[in-house]
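*Asks:* Residue numbers (the numbering used here), protein chains in the order written: chain A, 1 to 295; chain B, 296 to 671.
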């Protein structure tokens, strides 16, 4: 029972990290059909922001709190710059966007290496987040994992509310559902795209802050995560968030269970096979927007 | 797909018309020119390069030519078929590992085991799935057929369900990630991160001997030329036209009564076979195959050479792949950091602003010249 719960919680916390990363991707991929390979480097930017802030703000807890909004803005700004300079010109060629943003991610990684050095750096976690919470029945869960779970859920909640109730959210949904109709209804689609990119990239920054609690910060930290996160979006279905939420946790639990029963490497293969099998059943992902396009 | 703007189904970027309709050149010249070009290429590879280059540089060229073989396949699958495969490293690796396993077993002698197995795995006997590779009659066909089988399995599942575009690209990339993790995880039987190293002999020939290295180079050059001829046949066949049609408008091809899934599957499987062959020849040329050579990053680097050269042309991918690989060696020796920036910049500039690759510059110049002639 304890083991089962432990594995379940490990799975959920893997899922929470995946979710934080995939949320931003779901936004940008869903709205603009653009694959942003540099998303992983925005995560890295968020993580390094935390590291830099900790150099000047000594209290680990305070610096983490400050890092959350700052990383959001830093990564978001980078995203907007990328959108304005490159991605905007490539909306008709989504596959090419993938390659172009890969090029950008290479440059950003090298930039990080030149600025911060190739070796990984470490941040200090606040005392509050280093311990464990003991639950009845002899179960323990790590505080930092709980914090990340809470952060992921808060991000989902905030995003859902924003999409549903704010004027901006209404515009975003309109553009996702039918870009042309939104445009003729007077919605400035280009500006909406830019805002979405800011939000999506900003969420990557948040994910970066969260990741500093789990491990070291390095120039290539984003690359390892980005593919799993893309798989979450592909399997969840684009154009909405609930699919990504469900799939992130499902993949996390599957990964953790597979890892427990076999080994890490076999678990990765199991996850991949499961995804291909799933796409046989639902090639457009778990949830899709109903459209009349041929697919 | 969401209800965004109905973007053109082709995501491969529209190549210049001159590249798309290769069969439509005026009569007499079109037969002769490819043959002349082929002879020129053969002379360059078989006579000029071995004479002009030192043994060291020739060995490097052999390595680049292996990358070029992968590029020929990507040119067909991506340039002609519109399938951006970011996982060609998997097929390259399957071919490479099949060959390396055979050579390791041959090095160890009959009944012997590869050195690393006792080291990491503490194995007493050869794992079952290694055994067939002791026979060259199994191992050599496997270098090509194994990748083709994997591509067939994945492709028939994925294309049949109309998973395409970015979805397909992500899946193919995930395949590369999974393969690398699997190889590293099973260190006892695959050599882990180190891969299969220190390969001494190649069917009885000592690979340390420069003469034999030259022989390997000649084999590689010959195979590359053969693959180019094959690619030319494919591209100029009716099937080749159908493949381009699927790239440009899959739905229309379906409505005409063809099955786009099968059309794409053939191109994907052919590309996988070429990558497998390349991997198999890479092993005797370089003497190692390891996860670092086949993972996500090398897989996407295969693609950049194709993009630089011109994805929808026949020779573009080959020249682009060799040029990028050469530039990487030349620059990263002297300024390692700068090369990464340059490589990133290459991706950005070529793909964003010159989607037809360098080949389109040439076509552009030719069209300019023709227009100038007309005006005179």
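Quick reminder that beta carbons are idealized off the backbone N, C-alpha and C, glycines included. None of the values given here were measured: they were computed from a predicted structure.
Could you tell me which uninterrupted alpha helix (DSSP H) segments, each at least 4 residues in length, are contained entirely in the stretch 545-573 of chain B, listed from first to last along the chain?
*Replies:* Correct list: 545-550.
*Asks:* In three-state DSSP terms, what is residue 350 (chain B)?
*Replies:* Here residue 350 (chain B) refers to the residue found at position 55 of the second chain. Correct three-state label for residue 350 (chain B): helix.
*Asks:* What is the rounded straight-line gap between the Cα of residue 390 (chain B) and the Cα of residue 571 (chain B)?
*Replies:* As a working note, residue 390 (chain B) is residue 95 in the second chain. As a working note, residue 571 (chain B) is residue 276 in the second chain. If you take the alpha carbons of residue 390 (chain B) and residue 571 (chain B), they lie about 4 angstroms apart.
*Asks:* Report the neighbours of residue 650 (chain B) on chain A: residues whose CB is nearer than 9 angstroms to its CB, in chain order.
*Replies:* Position 355 of the second chain, counted from the first residue, corresponds to residue 650 (chain B). Ordered by position in chain A, the residues that pass the 9 angstroms Cβ test against residue 650 (chain B) are 93 and 96.
*Asks:* Can you grab the Cα-Cα spacing for the pair residue 323 (chain B) / residue 335 (chain B), in whole Å?
*Replies:* As a working mapping, residue 323 (chain B) is identified with position 28 in the second chain. As a working mapping, residue 335 (chain B) is identified with position 40 in the second chain. Per-residue confidence for residue 323 (chain B) stands at a pLDDT of 47, beneath the threshold of 50, marking its modelled position as unreliable; the derived number appears in the next sentence. Answer to the nearest angstrom: the Cα atoms are 19 angstroms apart.
*Asks:* Go ahead and pull the three-state DSSP assignment for residue 490 (chain B).
*Replies:* Here residue 490 (chain B) is taken as the residue at index 195 of the second chain, counted from 1. Of the three classes helix, strand and coil, the one that applies to residue 490 (chain B) here is coil, per DSSP.
*Asks:* For a contact defined as C-beta to C-beta under 8 angstroms, what are the partners of residue 242 (chain A) on chain B?
*Replies:* The residue given as residue 242 (chain A) occupies position 242 in the first chain. Ordered by position in chain B, no residue passes the 8 angstroms Cβ test against residue 242 (chain A), which lies about 15 angstroms from the chain.
*Asks:* What does residue 140 (chain A) pair with, by DSSP beta-bridge criteria?
*Replies:* On the first chain, residue 140 (chain A) is found 140 positions in, with the first residue counted as 1. A:134.
*Asks:* Whether or not the stretch 23-42 of chain A and the stretch 182-201 of chain A are in contact is what I'm after, with contact meaning three or more pairs of Cβ atoms, one per stretch, closer than 8 angstroms; do they touch?
*Replies:* Counting Cβ pairs under 8 angstroms, three or more are found: they touch.
*Asks:* Does the count of Cβ pairs from the stretch 428-441 of chain B and the stretch 384-400 of chain B closer than 8 angstroms reach three?
*Replies:* As far as the Cβ criterion goes, the stretch 428-441 of chain B touches the stretch 384-400 of chain B, which means the pair count is three or higher.
*Asks:* Check the Cβ-Cβ distances between residue 646 (chain B) and every residue of chain A, and say whether any is below 8 angstroms.
*Replies:* On the second chain, position 351 is the one that residue 646 (chain B) refers to. Yes, because at least one Cβ of chain A sits closer than 8 angstroms to the Cβ of residue 646 (chain B).
*Asks:* In whole angstroms, give me the CA-to-CA distance for residue 111 (chain A) and residue 21 (chain A).
*Replies:* Walking along the first chain from the start, residue 111 (chain A) turns up at place 111. Walking along the first chain from the start, residue 21 (chain A) turns up at place 21. Answer to the nearest angstrom: the Cα atoms are 22 angstroms apart.
*Asks:* Taking 8 angstroms as the threshold, find out whether the stretch 540-553 of chain B comes into contact with the stretch 460-476 of chain B through three or more Cβ pairs.
*Replies:* No, they do not touch.
*Asks:* DSSP beta-bridge partners for residue 275 (chain B)?
*Replies:* Because chain B spans 296 through 671 in this model, residue 275 (chain B) falls outside it and cannot be assessed.
*Asks:* Are there 16 or more other CB atoms within 10 angstroms of the CB of residue 94 (chain A), so buried, or fewer, so exposed?
*Replies:* Position 94 of the first chain, counted from the start, is the residue given in the question as residue 94 (chain A). When all chains shown are included, residue 94 (chain A) counts as buried.
*Asks:* Below 7 angstroms, is the gap between the Cβ of residue 495 (chain B) and the nearest heavy atom of the ligand MN?
*Replies:* Only the bare structure without any ligand can be found here, which leaves the ligand MN out of the picture.
*Asks:* Assuming residue 219 (chain A) contacts residue 113 (chain A) (C-beta within less than 8 angstroms), just tell me the rounded distance between them.
*Replies:* Counted from its first residue, the first chain places residue 219 (chain A) at position 219. Counted from its first residue, the first chain places residue 113 (chain A) at position 113. Yes, residue 219 (chain A) and residue 113 (chain A) are in contact; Cβ-Cβ is about 5 angstroms, under 8 angstroms.
*Asks:* If the criterion is Cβ atoms closer than 8 angstroms, does the pair residue 79 (chain A) and residue 225 (chain A) meet it?
*Replies:* Working through the first chain from its first residue, we reach residue 79 (chain A) at position 79. Working through the first chain from its first residue, we reach residue 225 (chain A) at position 225. Result no, Cβ atoms of residue 79 (chain A) and residue 225 (chain A) do not sit closer than 8 angstroms.
*Asks:* With a threshold of 8 angstroms between beta carbons, is residue 79 (chain A) in contact with chain B?
*Replies:* Within the first chain, the letter at position 79 stands for residue 79 (chain A). No, residue 79 (chain A) does not count as interfacial toward chain B.
*Asks:* So within the stretch 186-242 of chain A, which uninterrupted alpha helix (DSSP H) runs reach at least 4 residues, ignoring any that extend past its ends?
*Replies:* Those alpha helix (DSSP H) runs which fall completely within the stretch 186-242 of chain A and span 4+ residues are 189-211 and 221-236.
*Asks:* Which residues does DSSP pair with residue 584 (chain B) in a beta bridge?
*Replies:* Position 289 of the second chain, counted from the first residue, corresponds to residue 584 (chain B). DSSP, once it has assigned bridges, lists B:491 as partnering residue 584 (chain B).
*Asks:* Just to confirm the assignment, what range does the alpha helix (DSSP H) spanning residue 402 (chain B) have?
*Replies:* Reading the second chain from its first residue, position 107 is the one you call residue 402 (chain B). 383-403 is the extent of the alpha helix (DSSP H) around residue 402 (chain B).
*Asks:* So if I threshold CB-CB distances at 9 angstroms, which residues from the stretch 103-124 of chain A count as touching chain B?
*Replies:* Taking 9 angstroms as the Cβ-Cβ cut-off against chain B, the residues of the stretch 103-124 of chain A that qualify are 103, 104, 105, 106, 107, 108, 109, 110, 111, 113 and 114.
*Asks:* Using a Cβ-Cβ cut-off of 8 angstroms, state whether residue 219 (chain A) counts as contacting chain B.
*Replies:* Within the first chain, numbered from 1, the residue matching residue 219 (chain A) stands at position 219. It does not; no Cβ of chain B falls within 8 angstroms.
*Asks:* Can you find a CB in chain B that lies within less than 8 angstroms of the CB of residue 264 (chain A)?
*Replies:* Locating residue 264 (chain A) in the first chain gives position 264, where the first residue counts as 1. Yes, contact with chain B.
*Asks:* What residue range does the alpha helix (DSSP H) around residue 589 (chain B) cover?
*Replies:* Locating residue 589 (chain B) in the second chain gives position 294, counting from the first residue. Counting along the chain, residue 589 (chain B) falls outside any alpha helix (DSSP H), and DSSP gives it neither H nor E.
*Asks:* With distances taken from CA atoms, which of B:637, B:437 and B:632 is nearest residue 392 (chain B)?
*Replies:* In the second chain, counting from the first residue as 1, residue 392 (chain B) sits at position 97. The candidate whose alpha carbon is nearest that of residue 392 (chain B) is B:437.
*Asks:* Going by beta-carbon coordinates alone, are residue 619 (chain B) and residue 589 (chain B) separated by less than 8 angstroms?
*Replies:* The residue labelled residue 619 (chain B) in the question sits at position 324 within the second chain. The residue labelled residue 589 (chain B) in the question sits at position 294 within the second chain. Cβ atoms of residue 619 (chain B) and residue 589 (chain B): not closer than 8 angstroms.
*Asks:* Going by the beta-carbon positions, is the gap between residue 355 (chain A) and residue 252 (chain A) smaller than 8 angstroms?
*Replies:* Missing from the structure shown is residue 355 (chain A); chain A here goes from 1 to 295 and no further.
*Asks:* Which of the three DSSP states is assigned to residue 245 (chain A) in this structure?
*Replies:* If you number the first chain from 1, residue 245 (chain A) lands on position 245. Residue state, collapsed to three classes: helix.
*Asks:* What are the boundary residues of the alpha helix (DSSP H) that includes residue 41 (chain A)?
*Replies:* Numbered from 1 along the first chain, position 41 holds the residue referred to as residue 41 (chain A). 39-56 is the span of the alpha helix (DSSP H), which, as asked, contains residue 41 (chain A).
*Asks:* Can you list, in chain order, the residues of its chain whose CB lies under 6 angstroms from that of residue 68 (chain A), leaving out five sequence neighbours each side?
*Replies:* Here residue 68 (chain A) is taken as the residue at index 68 of the first chain, counted from 1. Hits under 6 angstroms: 209.
*Asks:* Residues of chain A with a CB under 9 angstroms from the CB of residue 584 (chain B): which are they?
*Replies:* In the second chain, the residue the question calls residue 584 (chain B) occupies position 289. The premise fails here: residue 584 (chain B) is roughly 18 angstroms from chain A at the closest Cβ pair, so nothing lies under 9 angstroms.
*Asks:* Based on Cα-Cα distance, which residue from B:615, B:632, B:573 and B:621 lies nearest to residue 735 (chain B)?
*Replies:* Nothing in the structure corresponds to residue 735 (chain B), since chain B is present only between 296 and 671.
*Asks:* Does the beta-carbon distance from residue 490 (chain B) to residue 591 (chain B) come in below 8 angstroms?
*Replies:* Residue mapping note: residue 490 (chain B) aligns to position 195 of the second chain, counting from 1. Residue mapping note: residue 591 (chain B) aligns to position 296 of the second chain, counting from 1. No, they are not a contact pair.
*Asks:* Pick helix, strand or coil for residue 617 (chain B), following the three-state DSSP scheme.
*Replies:* The residue you call residue 617 (chain B) lines up with position 322 of the second chain. In the structure shown, residue 617 (chain B) sits in a helix (DSSP, three-state: H, G or I).
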